[in-house]
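Residue numbers (this note's numbering): 483 to 687. No residue lacks a Cβ here, since even glycine has one placed at the ideal position from N, Cα and C.
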């Protein structure tokens with residue numbers, strides 16, 4: 483079991499875009515050549531112009547070639563986004579198996595809790611973690627995990643959660659158990675807090 487850095491990318495694409503577009507295929511081949519063994523992608527359920535691409539960067543990858551803003555890869559990635567500004571969050575995990583049950587689920591939820599400037603993950607850690615572990619009491623939950631994005635100044639907590647269906651998530655979100663920790667956290671929510679759902683395609687190499 484080796485550490486990974488999961489990069490969550492959200493891109494606003496042109497209406498004519500499809501997942502087999504040559505530029506996107508080429509970008510996925512580029513990260514494969516850089517050592518990536520697993521990547522996932524799909525369009526969001528609620529916005530057909532939003533592309534989600536999840537890259538599991540292995541520890542051995544030479545990440546500056548891919549993560550530095552002025553790298554060739556980032557320049558090419560920017561051309562895929564209609565605003566030339568893809569959203570990227572980098573979240574470390576102990577090993578890929580922590581998040582794979584969510585990424586391979588029929589529905590993958592990416593729940594973003596963006597914290598206000600007066601809040602820190604360490605002071606809210608109990609509620610932040612229990613928000614995740616309570617999901618194991620929900621019918622239809624397949625697993626996942628959460629972490630704090632290292633490129634967010636400790637402001638973005640990203641949850642990767644798997645569900646058998648969107649309806650399972652909806653029912654859990656109505657429950658008293660769900661409300662307990664969310665109500666504690668809500669006063670600390672900042673702009674950018676959002677939930678995104680997608681059926682992802684897994685690509686292995």
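Beta carbon of residue i nearer than 8 Å to that of residue j
i: residue 588; j: residue 681; result: yes
i: residue 672; j: residue 596; result: yes
i: residue 581; j: residue 626; result: yes
i: residue 494; j: residue 532; result: yes
i: residue 501; j: residue 559; result: no
Counted within 10 angstroms of its Cβ, other Cβ atoms place residue i as buried (16 or more) or exposed
i: residue 651; result: buried
i: residue 641; result: buried
i: residue 668; result: exposed
i: residue 630; result: buried
i: residue 593; result: buried
i: residue 584; result: buried
i: residue 662; result: exposed
Residue of the options minimising C-alpha distance to residue i
i: residue 660; options: 620, 637 and 685; result: 620
i: residue 637; options: 599, 537, 556 and 568; result: 599
i: residue 506; options: 523, 519, 490 and 575; result: 523
i: residue 530; options: 492, 635 and 571; result: 492
i: residue 623; options: 551, 546, 501 and 647; result: 647
i: residue 618; options: 545, 534 and 643; result: 643
Straight-line Cα distance separating residue j from residue i
i: residue 517; j: residue 658; result: 44 Å
i: residue 685; j: residue 606; result: 35 Å
i: residue 578; j: residue 683; result: 16 Å
i: residue 483; j: residue 576; result: 8 Å
i: residue 634; j: residue 488; result: 14 Å
i: residue 546; j: residue 653; result: 42 Å
In chain order, which beta strand (DSSP E) runs of at least 3 residues are fully inside the region 554 to 598?
-> 569 to 575 and 589 to 596
Continuous beta strand (DSSP E) assignments of at least 3 residues falling wholly in the region 506 to 558 = 520 to 525 and 532 to 540
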